[in-house]
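Participant:
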């Protein structure tokens, strides 16, 4: 996906002015947030599982080198071919080479965030291969020429009515308004592609080292079709996706689906171990796994390491007051919301995503719901510190903070300045005790809010007066 | 290295409580500082108010200016040494001390004991009133219904949830009516509210809707940041009826102090 995180503020303004988005995001809040509470309550030890999941993920990240080699050994023993890609470009090239070698004309694709990172679809199409997204949300995105706004619900920013209009126009069929009818229509459009595709591309929620298995968690069945119907299956996965055992996966799943969609379990869990074996009735003839670094190793060695625990559930964005109001597009890349505010600067460069770590209230609801306990506000704060050190924040902001800190560490100066300040503030407050407009950066407050005026004297002054009697 | 006197329950029955009023209370709403003072003094505490106190350092800390935050944290560390407890009418500032000072001050190894000393004695006001002073009665009186907004740091860093409600339940005439999502952020976020004022105001709209739908006479809360944000947005929306009050002023009742 094209990196547009620099346009954050402009796109926030667009989002806030979009009534369709507002309606669509209200659904997100009521479904995902309220639903998660009940789903988590099904388990009497959710917090214990969270802590254990955190430790399992940390342990896997600690032993990535060992586990990835174990995965490669076991996957290869079952007939899979494992490829290693250092950059997104390497990954695209490898996937296209696999397609060319197998004389692939059409690819069906199940959702992959890594594919979004590297613009895989566009690259394959330029290489002469037809690509069809088969996840319903991704299909809506593809048909409207849009980009995803959520990692598990890519078209969450579209209302049902917008989708009805889109399908009517693209499919040239009578307009449907019922969700199940719309879904059926999309399915009918996609079915011929499932039947004629030569290659399926999927992501991987996890790589399982002990068995050499890749696995995906889906609700729509398109993932299962992509892994079993075409004669070639390519799974692409970041290096951080590996877990030691099936047992690890099975208990982390208890967190993943509950955190993601408030489900006890998803409709499909597809485990792929090697290509079609002798005696199997279905499955691909060739199975390739492309394991991609794409900045992960750099993050692993940095202070943002904990972000690599992410299992891509989307709970942080569902619960983020900022995301809930602006949606995913302003974040300007593959990963929106709090995790995106950490991963985008980490993968795409601090200077290319200056707003992201700052555009958060630090309410820590994301940290509270994260199933693997990523301390997202702490990581955002670290990014803020690096911005400050590298003088990437505006001069006025840095000077303002320095002046505040200097005055606040010199009590006599502070007393004199604040004594004047609160009186000026009182005088510009109207008869209603409200300041309606402020100049400069402070106008950011008063554009849509009043500022209750200070009451005119500081506590310290009044307290000193009281002490004097 | 300095350590404050530890109160001996028999030899020294009076608790010596340091009141950190916070910069926002000091500058914007001194009456809240006096309300906290009254509640503590009425409960028999000896209250100390260091006159040099200013800011806990959170604005710098959350804006990436670690050096500035560190300077102010070290200043706070020195200001409450002779107290048994440090009490703060803010979840945000008490959360800064209790959950972030250890990380911030980790680079000053010689301050470690002082930091441990301070965080062990730092309390958010309502938490202190309920769990240390075990307050049975409060002087406040409020005829009407109120709804309580949980501030993010108070709730998620300090575990403040039941304490203010328990205390408000003791206020004569007061009825609590919960809003739909009291734990949802109001959109303040410190400098966020100015840098991203449009998002902040939109988030606050949801809070205002939630508050107004209860029909309460007042929204009560424990942090000045949320207070200024919610009051500012309510008034801009034309709501001049719903009062926005700090929990301390509701509990303490009219104290006669100006401001």
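Chains as they are written, first to last, in the working numbering: chain A, 1 to 469; chain B, 1 to 259. By construction, the Cβ of each residue, glycine as well, lies at the ideal position given by its N, Cα and C atoms. Note that the structure is a prediction, hence the values are computed from the model and not measured.
Buried or exposed: which applies to residue 3 of chain B, given that a residue is buried once 16 or more other Cβ atoms fall within 10 Å of its Cβ?
Facilitator: For the purposes of this step, residue 3 of chain B is taken as residue 3 along the second chain, with counting starting at 1. Because the pLDDT at residue 3 of chain B is just 46, under 50, the model does not fix this residue reliably, and the value given afterwards should be weighed accordingly. So residue 3 of chain B ends up on the exposed side.
Participant: Restricting to Cα atoms, I'd like to know which of B:209, B:106, B:170 is closest to residue 149 of chain B.
Facilitator: One-based indexing of the second chain puts residue 149 of chain B at position 149. When each option's Cα is compared against that of residue 149 of chain B, the closest is B:209.
Participant: Does DSSP put residue 410 of chain A in a helix, in a strand, or in coil?
Facilitator: On the first chain, position 410 is the one that residue 410 of chain A refers to. Residue state, collapsed to three classes: coil.
Participant: Since I believe residue 252 of chain A is in contact with residue 53 of chain A (beta carbons under 8 angstroms), could you give me their beta-carbon distance rounded to a whole number of angstroms?
Facilitator: Locating residue 53 of chain A in the first chain gives position 53, where the first residue counts as 1. Locating residue 252 of chain A in the first chain gives position 252, where the first residue counts as 1. 5 angstroms between Cβ atoms; contact.
Participant: Taking residue 249 of chain A as the reference, give the member of A:415, A:321, A:269, A:235 with the closest Cα.
Facilitator: On the first chain, residue 249 of chain A is found 249 positions in, with the first residue counted as 1. When only C-alpha atoms are compared, the closest one is A:269.
Participant: Excluding five sequence neighbours on each side, which residues of the same chain lie with their C-beta closer than 6 angstroms to the C-beta of residue 5 of chain B?
Facilitator: For the purposes of this step, residue 5 of chain B is taken as the residue at position 5 of the second chain. Interpretation of residue 5 of chain B is limited by its pLDDT of 47, a score under 50 that renders its predicted location unreliable; the figure taken from the coordinates is listed afterwards. Taken in chain order, the list of residues that qualify is empty.
Participant: Jot down the residue ranges of each uninterrupted beta strand (DSSP E) in the region 141 to 224 of chain A, minimum 3 residues, whole runs only, in chain order.
Facilitator: Those beta strand (DSSP E) runs which fall completely within the region 141 to 224 of chain A and span 3+ residues are 199 to 202, 206 to 208, 213 to 218.
Participant: Across the region 281 to 289 of chain A and the region 331 to 343 of chain A, are there enough close Cβ pairs to call them in contact, namely three or more that are closer than 8 angstroms?
Facilitator: No, the region 281 to 289 of chain A is not in contact with the region 331 to 343 of chain A.
Participant: Relative to the alpha-carbon of residue 171 of chain A, which residue among A:182, A:161, A:243 has its alpha-carbon at the smallest distance?
Facilitator: If you number the first chain from 1, residue 171 of chain A lands on position 171. Comparing Cα positions, the closest option is A:182.
Participant: Provide the residue span of the alpha helix (DSSP H) that contains residue 206 of chain B, from first to last.
Facilitator: As a first step, residue 206 of chain B must be located in the second chain, where it is residue number 206. Looking at the DSSP string, the run of the alpha helix (DSSP H) that includes residue 206 of chain B is 197 to 214.
Participant: Check whether the Cβ atoms of residue 50 of chain A and residue 255 of chain A lie closer than 8 angstroms to each other.
Facilitator: Mapped onto the first chain, residue 50 of chain A falls at position 50. Mapped onto the first chain, residue 255 of chain A falls at position 255. A contact, by the Cβ cut-off of 8 angstroms.
Participant: Run through DSSP, which three-state label would residue 356 of chain A get?
Facilitator: One-based indexing of the first chain puts residue 356 of chain A at position 356. Coil at residue 356 of chain A, not helix or strand.
Participant: Would you mind sorting residue 1 of chain B into buried or exposed? The rule is 16 or more other CB atoms within 10 Å of its CB.
Facilitator: Position 1 of the second chain, counted from the start, is the residue given in the question as residue 1 of chain B. Since pLDDT at residue 1 of chain B reaches only 39, below the 50 mark, its modelled position is unreliable, and no value is offered.
Participant: Restricting to Cα atoms, I'd like to know which of A:34, A:271, A:135 is closest to residue 246 of chain A.
Facilitator: The residue you call residue 246 of chain A lines up with position 246 of the first chain. With distances taken between Cα atoms, residue 246 of chain A lies closest to A:271.
Participant: What does the alpha-carbon distance come out to for the pair residue 92 of chain A and residue 185 of chain A?
Facilitator: For the purposes of this step, residue 92 of chain A is taken as the residue at position 92 of the first chain. For the purposes of this step, residue 185 of chain A is taken as the residue at position 185 of the first chain. Looking at the two C-alpha atoms, the distance is approximately 31 angstroms.
Participant: Could you have a look at residue 397 of chain A and say whether DSSP puts it in helix, strand or coil?
Facilitator: Taking the first residue of the first chain as position 1, residue 397 of chain A is located at position 397. DSSP places residue 397 of chain A in helix when its eight states are reduced to three.
Participant: Less than 8 angstroms between CB atoms is the rule here; does residue 32 of chain A satisfy it with respect to chain B?
Facilitator: Residue mapping note: residue 32 of chain A aligns to position 32 of the first chain, counting from 1. No, no contact with chain B.
Participant: Could you name the residues of chain A that residue 49 of chain B contacts, counting a contact when the two beta carbons are closer than 7 angstroms?
Facilitator: By 1-based counting over the second chain, the position of residue 49 of chain B is 49. What residue 49 of chain B touches in chain A: 463.
Participant: I'd like the list of long-range same chain contacts for residue 153 of chain B, defined as Cβ closer than 6 angstroms, with 5 residues on each side in sequence excluded.
Facilitator: Numbered from its first residue, the second chain carries residue 153 of chain B at position 153. Correct list, in chain order: 91, 92, 95.
Participant: May I have the straight-line CA-CA distance separating residue 353 of chain A from residue 85 of chain A, to the nearest angstrom?
Facilitator: In the first chain, counting from the first residue as 1, residue 353 of chain A sits at position 353. In the first chain, counting from the first residue as 1, residue 85 of chain A sits at position 85. Roughly 25 angstroms separates the two Cα atoms.
Participant: Buried or exposed: residue 439 of chain A, going by 16 or more other Cβ atoms within 10 Å of its Cβ?
Facilitator: As a position in the first chain, residue 439 of chain A is number 439, starting the count at 1. So residue 439 of chain A counts as exposed.
Participant: Pick helix, strand or coil for residue 4 of chain B, following the three-state DSSP scheme.
Facilitator: Reading the second chain from its first residue, position 4 is the one you call residue 4 of chain B. In this prediction, residue 4 of chain B has a pLDDT of 46, which is less than 50 and means its spatial position is unreliable; nothing more can be read from the coordinates.
Participant: Under the three-state reduction of DSSP, which class applies to residue 309 of chain A: helix, strand or coil?
Facilitator: In the first chain, the residue the question calls residue 309 of chain A occupies position 309. Residue 309 of chain A: helix per DSSP, three-state reduction.
Participant: Determine the direct distance from the alpha carbon of residue 246 of chain B to that of residue 224 of chain B, and round the result to whole angstroms.
Facilitator: Counting from 1 along the second chain, the entry for residue 224 of chain B is found at position 224. Counting from 1 along the second chain, the entry for residue 246 of chain B is found at position 246. Each residue's alpha carbon lies about 8 angstroms from the other.
Participant: Using a Cβ cut-off of 7 angstroms, which residues of the region 165 to 191 of chain B contact any Cβ in chain A, in chain order?
Facilitator: Under the 7 angstroms Cβ criterion, the region 165 to 191 of chain B contributes 184, 185, 187, 188, 189.
Participant: What in chain A is Cβ-close to residue 68 of chain B, meaning under 9 angstroms?
Facilitator: Residue numbering aside, residue 68 of chain B sits at position 68 when the second chain is read from its first letter. Under the 9 angstroms cutoff, chain A gives 401, 402, 404, 405, 406, 408, 409.
Participant: At the level of alpha carbons, what is the spacing between residue 57 of chain B and residue 325 of chain A?
Facilitator: As a first step, residue 57 of chain B is located in the second chain; it is residue number 57 there, counting from the start. As a first step, residue 325 of chain A is located in the first chain; it is residue number 325 there, counting from the start. Straight-line Cα distance between these residues: approximately 29 angstroms.
Participant: Please report how far the alpha carbon of residue 447 of chain A lies from the alpha carbon of residue 102 of chain A, in whole angstroms.
Facilitator: In the first chain, the residue the question calls residue 447 of chain A occupies position 447. In the first chain, the residue the question calls residue 102 of chain A occupies position 102. In a straight line, the C-alpha of residue 447 of chain A is about 60 angstroms away from that of residue 102 of chain A.
Participant: Does any CB atom of chain B fall closer than 8 angstroms to the CB of residue 84 of chain A?
Facilitator: In the first chain, counting from the first residue as 1, residue 84 of chain A sits at position 84. No, its Cβ sits nowhere closer than 8 angstroms to a Cβ of chain B.
Participant: Kindly indicate if chain D contains any beta-carbon less than 8 angstroms away from that of residue 101 of chain B.
Facilitator: The structure shown contains no chain D; its protein chains are A and B.
Participant: At the level of alpha carbons, what is the spacing between residue 59 of chain A and residue 85 of chain B?
Facilitator: What you label residue 59 of chain A is simply residue 59 of the first chain in a count that begins at 1. What you label residue 85 of chain B is simply residue 85 of the second chain in a count that begins at 1. Looking at the two C-alpha atoms, the distance is approximately 40 angstroms.
Participant: For residue 100 of chain B, does the three-state DSSP call read helix, strand or coil?
Facilitator: As a working note, residue 100 of chain B is residue 100 in the second chain. Here residue 100 of chain B sits in helix by DSSP.
Participant: Taking residue 223 of chain A and residue 108 of chain A to be in contact with their CB atoms under 8 angstroms, please state how far apart those CB atoms are, rounded to whole angstroms.
Facilitator: Locating residue 223 of chain A in the first chain gives position 223, counting from the first residue. Locating residue 108 of chain A in the first chain gives position 108, counting from the first residue. Actually they are not in contact, since the Cβ atoms of residue 223 of chain A and residue 108 of chain A sit about 10 angstroms apart, beyond 8 angstroms.
Participant: Over the uninterrupted alpha helix (DSSP H) stretch that includes residue 98 of chain A, give me the two end residues.
Facilitator: Residue numbering aside, residue 98 of chain A sits at position 98 when the first chain is read from its first letter. Counting along the chain, the alpha helix (DSSP H) containing residue 98 of chain A begins and ends at 88 to 101.
Participant: Under the rule that 16 or more other beta-carbon atoms within 10 Å means buried, what is residue 98 of chain B, buried or exposed?
Facilitator: On the second chain, residue 98 of chain B is found 98 positions in, with the first residue counted as 1. Label assigned to residue 98 of chain B: buried.
Participant: Could you tell me if residue 250 of chain B is buried or exposed, where buried requires 16 or more neighbouring beta carbons within 10 angstroms of its beta carbon?
Facilitator: The sequence position of residue 250 of chain B within the second chain is 250, counting from 1. Buried is the call here.
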